[in-house]
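Notes for the one structure printed next.
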Amino acid sequence: MAITIRATAPLNAAAVLPDDLVAQQLRRDSAYDDTLVASHRLTALRWIEKHVAVSLQRRSWMARLDGFSPTLRLPVSPVATVEKVTYLDAAGTAIDAVGLWRLSDSLLVPAPAQAWPATLTGPGAVTIEFTAGYVDARNEVPNLTTAALMMIQHLYDGGSLTAMPPAIDMLLDLDRVPVMG
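The structure is reproduced here in structure tokens:
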């Protein structure tokens, strides 16, 4: 099943990793390269979000799928709420799926005694608007914010996105659950 995901609200990088914390990590005592540091911070946070499928800040997201499946795992966690699910019926008319679904952790499943309706097949047949993310990433997932600080340092020192230090991967792996089968 094809899926596209995008944030419908921007990431406020300075709220996730404040300037003073980044400056402390980089041992900076001047502000001559603030633009570069801000770019590295945003790059690091977005890279981590994509790499581990989380939202480091509570914000709105939209997922578009090519149809329903028995259970739909929302592609960004932690999911706080699902605001709206719409689908295109066989005639291509947008229908609000209110009452047809329920949220169970990060899974969207049919409500009791309900089944997913038939949809028009193809990209964007189902749209899910939801809110996901941490309220305070520094306290809720300190390993991810530490990895972001290390990544900012790596980029600031001239490193690339294709060759990350192993310690960053180790910190990101702390929240991953191995899947058997």
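Just so you know, we're using the numbering used here here: the sequence shown kicks off at 1 and counts up by one. For every residue, glycine included, the Cβ atom is placed at its ideal position computed from N, Cα and C.
Return the chain-ordered list of same chain residues with a C-beta closer than 7 Å to the C-beta of residue i, the five sequence neighbours on each side being excluded.
i	result
Pro-110	Leu-100, Trp-101, Trp-116
His-40	Ile-152, Leu-155, Tyr-156
With respect to the beta strand (DSSP E) encompassing residue i, which residues constitute its N-terminal and C-terminal limits?
i	result
Ser-39	Segment 34–52 is the alpha helix (DSSP H) holding Ser-39; no beta strand (DSSP E) there.
Val-63	Here residue 63 turns out to be Ala, not Val, going by the sequence shown. Where Ala-63 is concerned, the enclosing beta strand (DSSP E) stretches over 59–65.
Asp-96	94–96
Ala-7	3–7
Trp-101	101–104
Would a C-beta distance cut-off of 8 Å place residue i and residue j closer than the cut-off?
i	j	result
Leu-107	Arg-59	no
Ala-2	Val-76	no
Phe-130	Val-54	no
Thr-86	Thr-35	no
Leu-21	Val-37	no
Thr-119	Phe-68	yes
Please return the same chain residues whose Cβ sits closer than 6 Å to the Cβ of residue i, not counting the five positions on each side in sequence.
i	result
Met-151	Ala-44, Ile-168
Val-135	Arg-58
So residue i is in the alpha helix (DSSP H); what residue range does that whole segment cover?
i	result
Tyr-134	Where Tyr-134 is concerned, there is no enclosing alpha helix (DSSP H), given that its DSSP letter is neither H nor E.
Val-79	Per DSSP, Val-79 belongs to no alpha helix (DSSP H); it is in the beta strand (DSSP E), 79–88.
Asp-169	166–173
Leu-26	19–26
Val-16	13–16
Thr-146	142–156
Within the same chain, show all residues whose beta-carbon is closer than 8 Å to that of residue i, passing over the 5 residues directly before and after it, in chain order.
i	result
Leu-171	Asn-143, Leu-144, Thr-146, Ala-147, Met-150
Leu-42	Leu-11, Ala-13
Gly-181	Low confidence applies here, because Gly-181 scores a pLDDT of 49, under 50, leaving its location unreliable; read the following figure in that light. Here the set comprises nothing.
Val-16	Leu-45, Leu-56, Gln-57, Ala-137, Arg-138, Thr-145, Ala-148
Val-52	Leu-144, Leu-172, Asp-175, Arg-176
Arg-6	Trp-61, Met-62
Val-141	Val-54, Leu-56, Tyr-134, Asp-175
Hey, would you say the C-beta of residue i is under 7 Å away from at least one heavy atom of the ligand MN?
i	result
Ala-14	Absent from the structure shown: the ligand MN. Ligands present: none.
Touching by the beta-carbon criterion (3+ pairs, under 8 Å), the region 81–93 and the region 149–163: By the Cβ criterion, the region 81–93 is not in contact with the region 149–163, since fewer than three pairs of Cβ atoms, one from each stretch, lie closer than 8 Å.
Note to self: So, does the region 8–15 touch the region 40–54, judging by three or more C-beta pairs under 8 Å?
What the structure shows: Judged by Cβ distances under 8 Å, the region 8–15 makes contact with the region 40–54, as three or more pairs qualify.
Practice item. Check whether the region 64–73 touches the region 120–132, counting contact only when three or more Cβ pairs, one atom from each stretch, lie closer than 8 Å. Key: Flag = yes, the region 64–73 and the region 120–132 touch.
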